[in-house]
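A short worksheet on the structure shown next.
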Amino acid sequence: MARPTQPAGRGSKPEDPVVAFLTGLIAAYPAHHDDDLAGLAPKVEALLKAHPVTDRDLSKLPSEQADELMDEAYEAEGLRGVPLAVDALRLTPWAYEPWAYLATSFGHEPSLAAMLASLGVYAAERSLKPGMMEQYRGRFWETAETRQVLESLMLAASMLIDSGRIVEAYHRLDDMMVLDEQDHLGARHWLLPLTIEVHDIDYAEHLVETWDDDDTDEAWPYLRAMTEYARWGNSPQGRELAQEAYRKYPLVAKYLLNPGMEPKHTPDERTPEEKAWEAADLIRDCFRRYGGATNWLSEATGERATFSPLRAAKAATKPRRRRRH
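The sequence shown begins at 29 in the numbering used here and counts up one residue at a time.
Quick look at the structure:
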């Protein structure tokens with residue numbers, strides 16, 4: 029079994045190589061924009077070369093040993109696998125999988141996770157053969173290489189949302205819609221509430237019209253109604269759409285109008301209450317962006333807030349992470 033890189037040297041306590049890599053990355057990253065990470069690449073490679081893998085197996089290709097390290101990282105799980113993932117990068121700096129592992133492992137640190145996920149996007153795009161971006165534009169689900177780009181964009185959008193950078197997340201998700209016109213990963217489910225949040229109602233209406241029959245997501249009918257409200261206010265059609273959403277998924281309105289109320293979470297299959305709570309959590313911020321929207325929903329559906337205002341206020345101050353598919 030491969031061992032994660034250990035710091036060399038005797039006497040005084042040596043610098044942890046993983047910490048050195050991450051702190052160096054954090055220091056170097058702000059000088060580069062996410063759309064110009066090619067300039068950062070040599071610095072990333074230099075940071076990785078500063079602590080080479082100590083037990084490199086020369087009988088295998090770097091990519092083969094990196095794959096083995098990632099298998100061990102997944103077995104270790106979470107932060108315990110981070111040194112292994114970093115060692116995989118020391119062998120293959122621009123493989124996507126180790127960057128994705130690091131981003132998800134540091135999900136509790138949204139800014140760091142977003143940075144790592146952005147580098148994952150760069151790695152996924154860098155792996156494409158020349159001309160593939162243009163050749164498969166709109167059809168990125170068709171090959172493993174282009175599909176990986178979609179996955180990297182989704183992960184980056186998720187981390188950007190968690191860090192409060194919703195405009196950047198909006199652009200990542202929009203890129204996904206352009207690259208995969210059939211939206212196999214469901215980027216639209218995150219994108220629509222963000223378009224409403226940033227007041228891009230023209231685009232919101234386009235998404236609603238394009239995916240008019242998309243009621244597989246419990247949030248979508250409420251977002252359809254909210255799009256109408258954002259454009260026209262308390263219109264008859266908006267009220268009708270709100271009532272239709274309520275007839276299909278009444279629990280969503282219950283959790284939407286009672287912030288802080290949560291169902292009992294189960295370790296196995298999600299309950300209907302958990303699904304409804306996740307849908308409400310996804311769309312809550314876009315309702316909050318428009319004054320009177322929650323009151324309008326309450327009046328249109330007849331659902332009333334019953335949760336303690338004090339407990340709701342306390343819950344609103346807690347860090348919250350939006351749903352991920």
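Even for Gly, the Cβ is constructed at its ideal location relative to N, Cα and C.
Predicted, not measured: the structure shown is a model, and the values here were computed from it.
C-alpha gap between residue i and residue j, whole angstroms
i, j, result
"Ser155", "Trp122", "8 Å"
"Gly320", "Ser133", "38 Å"
"Ser52", "Gln176", "Sequence check: residue 52 is Gly here, not Ser. Approximately 27 Å, taken between the alpha carbons."
"Asp202", "Ala184", "12 Å"
"Arg136", "Glu105", "Residue identity check: residue 136 is His in the sequence provided, not Arg. For His136 and Glu105, the distance between alpha carbons rounds to 15 Å."
"Leu107", "Thr244", "34 Å"
"Val236", "Leu219", "11 Å"
"Ala142", "Val206", "22 Å"
"Arg312", "Asp241", "22 Å"
"Lys41", "Asp83", "Reliability fails at Lys41, whose pLDDT of 49 lies under 50, so the model's placement of it is uncertain and no value is given."
"Leu310", "Ala145", "21 Å"
"Arg298", "Gly214", "19 Å"
"Glu170", "Met182", "17 Å"
"Ala74", "Arg118", "10 Å"
"Trp305", "Pro291", "7 Å"
"Glu43", "Met204", "40 Å"
"Met254", "Leu97", "47 Å"
"Ala172", "Tyr124", "12 Å"
"Leu68", "Glu256", "43 Å"
"Gly109", "Asp95", "13 Å"
"Tyr231", "Asp62", "24 Å"
Beta-carbon separation (whole angstroms), residue i vs residue j, contact threshold 8 Å
i, j, result
"Thr223", "Tyr198", "7 Å"
"Gln93", "Asp99", "About 11 Å separates the two Cβ atoms, so there is no contact after all."
"Trp239", "Arg275", "About 20 Å; that fails the 8 Å criterion."
"Pro138", "Ser191", "4 Å"
"Thr120", "Pro158", "20 Å between Cβ atoms; not a contact."
"Ala78", "Ala48", "7 Å"
"Ala152", "Leu130", "About 14 Å separates the two Cβ atoms, so there is no contact after all."
Beta-ladder partner(s) of residue i, from DSSP
i, result
"Asp208", "Arg167"
Given residue i as reference, the closest of the options once Cα atoms are compared
i, options, result
"Arg252", "Trp260, Gly135, Glu233 and Ile194", "Glu233"
"Asn286", "Trp324, Glu331, Asp296 and Lys292", "Glu331"
"Tyr283", "Gln265, Val236 and Glu302", "Glu302"
"Thr329", "Ala304, Gln271 and Ala59", "Gln271"
"Tyr360", "Leu178, Arg267 and Gly192", "Outside the displayed range of the chain (29 to 353) lies residue 360, so it cannot be described from this structure."
"Glu209", "Ser186, Ala172 and Tyr164", "Tyr164"
"Pro278", "Leu112, Thr174 and Ser326", "Ser326"
"Pro28", "Ala152, Asn262 and Pro111", "Because the chain here runs from 29 to 353, residue 28 falls outside it and cannot be looked at."
"Val46", "Ser186, Thr120, Ala247 and Leu76", "Leu76"
"Tyr57", "Ala48, Val195 and Leu147", "Leu147"
"Thr322", "Ala78, Pro158, Pro291 and Asn262", "Asn262"
"Thr334", "Ala281, Ser186 and Pro295", "Ala281"
"Ile229", "Asp62, Leu65, Met187 and Ala258", "Ala258"
"Leu140", "Met187, Pro126, Glu162 and Glu173", "Met187"
"Glu246", "Ala307, Val195 and Glu125", "Ala307"
"Ile189", "Val226, Ser87 and Ala172", "Val226"
"Arg317", "Ile194, His212 and Pro264", "Ile194"
"Leu50", "Lys71, His212 and Glu162", "Lys71"
"His212", "Thr174, Tyr231 and Pro221", "Thr174"
"Cys314", "Pro221, Asp62 and Ala59", "Pro221"
"Glu268", "Met289, Trp324, His293 and Gly288", "Trp324"
Where residue i falls, given that 16 or more other Cβ within 10 Å makes a residue buried
i, result
"Arg167", "exposed"
"Trp248", "buried"
"Ala128", "buried"
"Glu103", "exposed"
"Asp64", "exposed"
"Pro300", "exposed"
"Ala273", "buried"
"Pro295", "exposed"
"Glu162", "exposed"
"Arg348", "Confidence at Arg348 is low in this model, with a pLDDT of 48, below 50, so its placement is unreliable and no value can be given for it."
"Pro126", "buried"
"Ala55", "exposed"
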